[in-house]
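First comes the structure, then the notes that go with it.
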Amino acid sequence: MPQDDAQIGQEIHDFARELFPICRSLTGDGVRETLQIFRRHLPGIDIQEVPSGTKAFDWTVPPEWNIRDAYLLGPDGRKVVDFQRNNLHVVIYSEPVDREMSLAELMPHLHSLPDQPGAIPYVTSYYNRRWGFCLSHRERQALKEGTYRAVIDSTLEPGALTYADLLIPGESSNEVLISSNICHPSLANDDLSGPVVATFLARWVNALPKRKLSYRFVWIPETIGSIVYLSRHLESLRKNVIAGFTVTCVGDDRTYSLVPSRAGNTLADRVARHVLKHTDPAFKHYTFLDRGSDERQYCSPGIDLPVVSVMRSKGGNFPEYHTSLDDLSFITPGGLQGGYMALRRCLEILEGDARYTAKVLCEPQMGKRGLYTTLGTVDVGEAVKTRMNILTYCDGRHSALEIAEILGKPAWTLAPYFAELVEHELIAVAP
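The numbering used here puts the first residue of the sequence shown at 283, with every later residue one more than the last.
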């Protein structure tokens, strides 16, 4: 496997910086622009358009929303709220408006956070027609009596929902699913960190000289996007997916988190728990009752895919969540690299996992192969001990991941030992 790239976190952060200003939502040109930028990094991405009104299980694809501008003029004619300054200033999916009103009439259309007076909230109204502005509570309290003009230059009309996927084939049709969301405007950790990390994971997978497994990357709007995708690909996903990960909130420096699958004991659960406990022993292990992203859909009854969510700070559990404080200073190169590496290690383990059988009865003579010290001391060295412990459990019944669990070591650190023992014809992959 390729070695860790010390610069990967900065590269991912630079990519996030390019995408951050784009106003994304469930539908619209912001999503299309974002996916076209992804396609520059991954030319094989397949971009699909699903018409408004399309049925997907119990849901219907909503009208397409696009916005060109939005602002609120105060009594003195100056802009007190400006979409061009921060795209969180407008309630996402606001219908068009251009009208004058008093401050009292305006107030029901304003949203702020009294407990976070300096932050602009992120507010949506996807399925109910309304309009509104978001601003900091300090700005709201400073509004003076008088006549205001509210302008939202948007369209809400039949169009399409846009998503993208990329299937990178391997030797087996067994697939690993990596799903991320592309439906938020300028929010860096939730959810921009997810799709940019997923894009770099796809680049890494694409560059592997050979792949045992196949990998399906999906970039979708949250909830309605996964429902639409499942409605179109369910039988294939049921047949082929052996493990899956939703990738969101993977850019901050604070902690690691795991929301398990509904079953709780799938291969994805075991791999994710193994990686996170060796990455951060204090990682937060939630239950499926704490679900919040598209694992809700992938694990729902009748779908039952083995999908977990691997995160840094879990969405809804950090104060910056769904506010303007979730900006490019909140995600860091180190945080993004940590999230990327945790997920990449999950993929490395899945790619390399196998059951092995010993090819020599009893303990092999390691010294003649250069794998054992020629001096019989009490301390024969950690490497020798590790080799012998691996051999002990190569009985055709234990997988490489299970052996790593027994030894209490990160599976990715044992991969070179397995390769070495295979090279010396001491073990072989079990049939």
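No residue lacks a Cβ here, since even glycine has one placed at the ideal position from N, Cα and C.
Would residue i be called buried (16 or more neighbouring beta carbons within 10 Å of its own) or exposed?
i	result
L703	buried
T530	buried
A489	exposed
S384	exposed
M389	exposed
I775	With the chain covering only 283 through 713, there is no way to say anything about residue 775.
E633	buried
K426	exposed
R573	buried
T659	Since pLDDT at T659 reaches only 40, below the 50 mark, its modelled position is unreliable, and no value is offered.
P399	exposed
S454	exposed
T639	exposed
T528	buried
D677	exposed
Y409	exposed
Quick one: what does DSSP say residue i is sitting in, helix, strand or coil?
i	result
S582	coil
K650	helix
L392	strand
Q330	strand
Y622	helix
E664	helix
D364	strand
H335	Inspection of the sequence shows that residue 335 is occupied by Gly rather than by His. Coil at G335, not helix or strand.
G476	helix
R299	helix
D380	strand
I685	helix
F600	coil
T656	Because T656 carries a pLDDT of 46, less than 50, the predicted location of this residue cannot be relied on, and the following value inherits that uncertainty. Coil, per DSSP.
S436	strand
A352	strand
A636	coil
E517	helix
T342	strand
L449	strand
A424	coil
G678	strand
I290	helix
Cα-Cα, which of the options is closest to residue i?
i	options	result
P467	R637, D311 and V487	D311
L519	N671, R412 and V500	V500
L308	G291, G441, I327 and T569	G441
P601	L425, V592, S591 and F612	F612
S394	L370, Y408 and R412	L370
Y497	S475, P396, F320 and A525	A525
P412	R422, P396, L438 and D296	First, the amino acid is wrong: residue 412 is Arg here, not Pro. Nearest option by C-alpha distance: L438.
V715	T406, V557, I688 and T614	This structure cannot settle anything about residue 715, because the visible part of the chain is limited to 283 through 713.
F320	T481, V379 and D340	T481
L629	A554, E387, G597 and S454	A554
K596	P713, D296 and V532	V532
R627	T561, A545 and F339	T561
S582	S543, Y568, T569 and A686	S543
K691	K641, E707, N671 and I329	N671
I450	A697, T668 and K492	K492
G598	D472, F365 and D296	D472
H391	Y408, D380, G414 and V379	G414
A701	R299, L653 and L689	L653
H680	E645, L540, H515 and A712	A712
C465	M648, R552, N348 and T336	N348
L317	L448, I290, Q366 and T336	L448
If residue i and residue j are in contact, beta carbons under 8 Å, what's the gap, nearest whole angstrom?
i	j	result
Y603	G507	Actually they are not in contact, since the Cβ atoms of Y603 and G507 sit about 20 Å apart, beyond 8 Å.
I709	L683	With a Cβ gap of about 15 Å, I709 and L683 do not count as contacting.
T429	E377	The Cβ separation is near 22 Å, so there is no contact.
I502	N463	6 Å
L301	V478	7 Å
G621	S461	Rounded, the Cβ-Cβ distance is 15 Å, inconsistent with contact.
A424	L354	Not really, about 13 Å apart at Cβ, beyond 8 Å.
V766	V510	Since the first residue shown for the chain is 283 and the last is 713, residue 766 is missing from the structure and cannot be characterised.
T614	D535	5 Å
A401	S606	5 Å
Going by DSSP, which residues form a beta bridge with residue i?
i	result
P403	T605
W413	Answer by DSSP bridge pairing: none, since W413 is not bridged.
N463	I502
K566	S539
V589	G526
R431	L355 and E382
E457	S496 and V523
L443	V332
Y347	Correcting the residue identity first, residue 347 is Trp in this sequence and not Tyr. DSSP lists L438 as partners of W347.
A710	T639
I319	In the DSSP output, where bridge partners are listed per residue, I319 has none listed.
Return yes when at least one heavy atom of the ligand HEM lies under 7 Å from the C-beta of residue i, else no.
i	result
G617	Looking at this structure, you won't find the ligand HEM or any other ligand, since it has none at all.
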